[in-house]
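Report on the following structure.
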Amino acid sequence: MKLAFLIATLSAFSLMTLASPTGSIPSIGRDEVKVPDGTLGSFCGGIVGFPCNEGLVCQLDDKNIADSGGVCIKKPKCL
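Here the sequence shown stands for residues 1249 to 1327, where the numbers follow this note's numbering.
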């Protein structure tokens, strides 16, 4: 009985070793994450409240949803 358990355990570990990935898993480093910079066309709003640069406004995708995100566009001229 102990021999059968030992063989089953060794077989399971062998199969797990063969099934494991051989290459490295790509990771996203902190420097690779793009943070919205408030320029024309960049993301704005959201739960964080990313602002747009001066002369731009945030055009929200849906004004009825809390923490809605949008895109920075040129501020329209008032009539």
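Note that the Cβ used here is the ideal one computed from N, Cα and C, for glycine as well. Remember, predicted model here, so these are calculated numbers, not experimental data.
Item                                                                                                                                                      : Value
Only counting the same chain, and skipping five residues up and downstream in sequence, which positions put a Cβ closer than 8 Å to that of glycine 1286? : Cys1292, Phe1298, Pro1299, Cys1300, Asn1301, Leu1304 and Cys1320
Give the straight-line distance between the Cα atoms of proline 1324 and serine 1316, rounded to the nearest whole angstrom.                              : 20 Å
Check the C-beta distance from cysteine 1326 over to glycine 1318 and give it rounded, since I have them as a contact under 8 Å.                          : Rounded, the Cβ-Cβ distance is 20 Å, inconsistent with contact.
Would DSSP call leucine 1304 helix, strand or coil?                                                                                                       : strand
Which of helix, strand or coil does DSSP assign to lysine 1322?                                                                                           : strand
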